[in-house]
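Just so you know, we're using my numbering here: the sequence shown kicks off at 1 and counts up by one.
Have a look at the structure below, then the notes.
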Amino acid sequence: DFCPLFKVFKNQLDILSHNLMTDWNFAHRLANLDNHGNEKMDLNHLGEQWLYVKIQRMRNLLKIAEPDEALYREIMLSLGYPKNKIQFLELALLLPFRVIKDLKEEEKIKTALLYRAGFSDVKKGLPEDFDFSLRMDKSVWEFKKIRPANFPNKRIIKISQFLSEMTSTGLVKFFVEKIKKEMKNLKNPKEAKECVIRIMDIKGIGIDRKREMFFNIIMPFTMAYLENKEPETIEFLNRIFELHPPLSENTTTRKFKKLVGEKTYLKINSSAKTYFGIHHYIKNTQN
Numbered sequence: 001d002f003c004p005l006f007k008v009f010k011n012q013l014d015i016l017s018h019n020l021m022t023d024w025n026f027a028h029r030l031a032n033l034d035n036h037g038n039e040k041m042d043l044n045h046l047g048e049q050w051l052y053v054k055i056q057r058m059r060n061l062l063k064i065a066e067p068d069e070a071l072y073r074e075i076m077l078s079l080g081y082p083k084n085k086i087q088f089l090e091l092a093l094l095l096p097f098r099v100i101k102d103l104k105e106e107e108k109i110k111t112a113l114l115y116r117a118g119f120s121d122v123k124k125g126l127p128e129d130f131d132f133s134l135r136m137d138k139s140v141w142e143f144k145k146i147r148p149a150n151f152p153n154k155r156i157i158k159i160s161q162f163l164s165e166m167t168s169t170g171l172v173k174f175f176v177e178k179i180k181k182e183m184k185n186l187k188n189p190k191e192a193k194e195c196v197i198r199i200m201d202i203k204g205i206g207i208d209r210k211r212e213m214f215f216n217i218i219m220p221f222t223m224a225y226l227e228n229k230e231p232e233t234i235e236f237l238n239r240i241f242e243l244h245p246p247l248s249e250n251t252t253t254r255k256f257k258k259l260v261g262e263k264t265y266l267k268i269n270s271s272a273k274t275y276f277g278i279h280h281y282i283k284n285t286q287n
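Written out as structure tokens, the structure is:
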């Protein structure tokens with residue numbers, strides 16, 4: 001039916017490690033010096049660089065998988081946070097979206113995911129042709145230093161709600177249709193923020209996580225998927241990127257704020273584009 005699990009898994013891992021550090025002078029090219037020798041950053045330009053890398057990643061994913069499977073794997077990978085990323089990716093490969101689509105119902109999807117992940121032996125409701133030999137060992141999952149709300153078995157239950165909404169349309173079509181429904185001439189940050197809230201009106205995921213998912217996955221994936229097909233949709237997504245307010249602070253933005261000072265930070269971090277420009281800068285200069 002599909003490539004051997006190891007081959008697909010290796011391709012995915014290759015993409016994970018791809019892109020940023022091929023040019024060892026990357027940070028020096030991105031940073032300009034003013035007349036006093038101080039670093040002067042164009043966070044909008046850095047944000048564009050960040051987005052380019054994301055889109056390139058999505059292009060690569062679309063080369064090795066069908067669109068729905070590519071997006072599904074990327075979403076599952078993101079749910080693993082730092083400690084369970086590879087485990088969630090393996091689960092996505094063991095239970096592909098085409099199987100989830102056939103299961104349709106939230107309860108069946110949850111049962112199948114928990115079984116394949118090794119968290120449950122329950123088989124009730126699963127079809128007779130479901131391959132019960134394919135499953136992970138529970139011991140591969142990390143729980144140490146993870147908040148109970150983010151335990152992988154709990155995240156699987158929540159993602160089942162989210163996935164069940166998309167079995168009738170498919171993942172890609174679901175989000176593309178929601179984005180197109182919102183298309184209009186955005187005038188200010190408030191409109192852009194409300195637009196993203198409506199696009200990401202899905203069950204099982206918190207509001208901050210949904211915003212992160214939109215900018216890290218849904219937006220660049222859609223731009224790669226519709227590349228050379230629908231320039232108006234891509235332009236609309238770029239407008240959201242430019243207008244949407246900065247996302248919630250995290251370790252990376254706090255590190256940057258410490259570097260430049262709070263006053264400068266508040267002045268130059270004005271949008272989602274500058275917010276992710278900060279992430280791009282820190283990743284390429286501090287690591």
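All C-beta atoms, glycine included, are put in the ideal place defined by N, C-alpha and C.
In this text the structure is predicted, and so the values were computed from the model without any measurement.
Return the CA-CA distance between M166 and P152, expressed in angstroms with no decimal places.
For the purposes of this step, residue 166 is taken as residue 166 along the sequence shown, with counting starting at 1. For the purposes of this step, residue 152 is taken as residue 152 along the sequence shown, with counting starting at 1. Spanning the two alpha carbons is a distance of roughly 21 angstroms.
Option in T274, D121, K158 with minimal Cα separation from F215
Sequence index remark: in the sequence shown, residue 215 carries index 215 (1-based). Checked all of T274, D121, K158; the closest Cα to F215 is T274.
Hey, is the segment 123–138 in contact with the segment 186–202, meaning 3+ C-beta pairs nearer than 8 angstroms?
no
For the structure I just gave you, are there three or more beta carbon pairs, one from the segment 205–222 and one from the segment 99–114, closer than 8 angstroms?
no
Whole angstroms is fine: what's the gap from L43's alpha carbon to G277's?
As a working mapping, residue 43 is identified with position 43 in the sequence shown. As a working mapping, residue 277 is identified with position 277 in the sequence shown. The straight-line gap from Cα to Cα measures roughly 5 angstroms.
Of the residues M136, Q49, M223, the one placed nearest I86, counting alpha carbons only
For the purposes of this step, residue 86 is identified with residue 86 of the sequence shown, where counting begins at 1. I86 has its Cα closest to that of M136, out of M136, Q49, M223.
E242 in three-state terms, based on DSSP:
One-based indexing of the sequence shown puts residue 242 at position 242. Looking at E242 - three-state DSSP - the assignment turns out to be helix.
In this structure, does DSSP put V196 in helix, strand or coil?
As a working note, residue 196 is residue 196 in the sequence shown. V196 falls in the helix class under three-state DSSP.
Would you call the segment 174–184 in contact with the segment 220–237, where contact means no fewer than 3 C-beta pairs closer than 8 angstroms?
yes
Where K180 sits in the DSSP three-state scheme
Along the sequence shown, one-based indexing puts residue 180 at 180. In the structure shown, K180 sits in a helix (DSSP, three-state: H, G or I).
Where the alpha helix (DSSP H) through D131 begins and ends:
Translated into the one-based positions of the sequence shown, residue 131 becomes position 131. It is not in any alpha helix (DSSP H) - D131 carries neither H nor E in the DSSP assignment.
Please report how far the alpha carbon of W24 lies from the alpha carbon of R209, in whole angstroms.
As a position in the sequence shown, residue 24 is number 24, starting the count at 1. As a position in the sequence shown, residue 209 is number 209, starting the count at 1. Here the model assigns W24 a pLDDT of 35, short of 50, so the residue's position is not dependable, and the following value carries that caveat. The straight-line gap from Cα to Cα measures roughly 32 angstroms.
Below 8 angstroms CB to CB, which residues in the same chain sit around H279 once its five sequence neighbours on both sides are set aside?
Position 279 of the sequence shown, counting from 1, holds the residue named residue 279. Only W50, T252, T253 meet the Cβ criterion.
For M200, I'd like the list of residues in its chain whose CB is within less than 6 angstroms of its CB, leaving aside the five on either flank, ordered along the chain.
Taking the first residue of the sequence shown as 1, we reach residue 200 at position 200. Here the set comprises K210, F214.
CB-CB length for S160 against E106, believed under 8 angstroms
Translated into the one-based positions of the sequence shown, residue 160 becomes position 160. Translated into the one-based positions of the sequence shown, residue 106 becomes position 106. Contact flag correct, Cβ pair sits at about 5 angstroms.
Nonlocal neighbours in the same chain, by C-beta distance under 7 angstroms from L126, ignoring five residues either side
As a working mapping, residue 126 is identified with position 126 in the sequence shown. Only K108, T111, A112 meet the Cβ criterion.
Under the three-state reduction of DSSP, which class applies to P96: helix, strand or coil?
For this step, residue 96 is matched to residue 96 along the sequence shown. Looking at P96 - three-state DSSP - the assignment turns out to be coil, as it is neither helix nor strand.
Tell me the DSSP secondary structure of P148 in three-state form.
Position 148 of the sequence shown, counting from 1, holds the residue named residue 148. P148: helix per DSSP, three-state reduction.
Excluding five sequence neighbours on each side, which residues of the same chain lie with their C-beta closer than 8 angstroms to the C-beta of V76?
On the sequence shown, residue 76 is found 76 positions in, with the first residue counted as 1. Residue identity differs from the one stated: residue 76 is Met in this sequence, not Val. Result list for M76: F88, L89, L91, A92, I159, in chain order.
Excluding the 5 residues flanking P96 on each side, which residues of the same chain have their C-beta closer than 7 angstroms to its C-beta?
By one-based count along the sequence shown, residue 96 stands at place 96. Taken in chain order, the residues that qualify are E69.
Nearest-angstrom Cα separation, counted from R59 out to S139
On the sequence shown, residue 139 is found 139 positions in, with the first residue counted as 1. On the sequence shown, residue 59 is found 59 positions in, with the first residue counted as 1. Rounded to whole angstroms, S139 to R59 spans 33 angstroms at the Cα level.
Count the other C-beta atoms from every protein chain shown that fall within 10 angstroms of the C-beta of T264, then say buried if there are 16 or more, exposed otherwise.
For the purposes of this step, residue 264 is taken as the residue at position 264 of the sequence shown. With fewer than 16 Cβ atoms within 10 Å of its Cβ, T264 is classed as exposed.
Between the alpha carbons of L33 and N269, how many angstroms are there, rounded?
Numbered from 1 along the sequence shown, position 33 holds the residue referred to as residue 33. Numbered from 1 along the sequence shown, position 269 holds the residue referred to as residue 269. At L33, the pLDDT of 36 sits below 50, so the modelled position is not reliable; the number obtained from the coordinates is stated separately. For L33 and N269, the distance between alpha carbons rounds to 19 angstroms.
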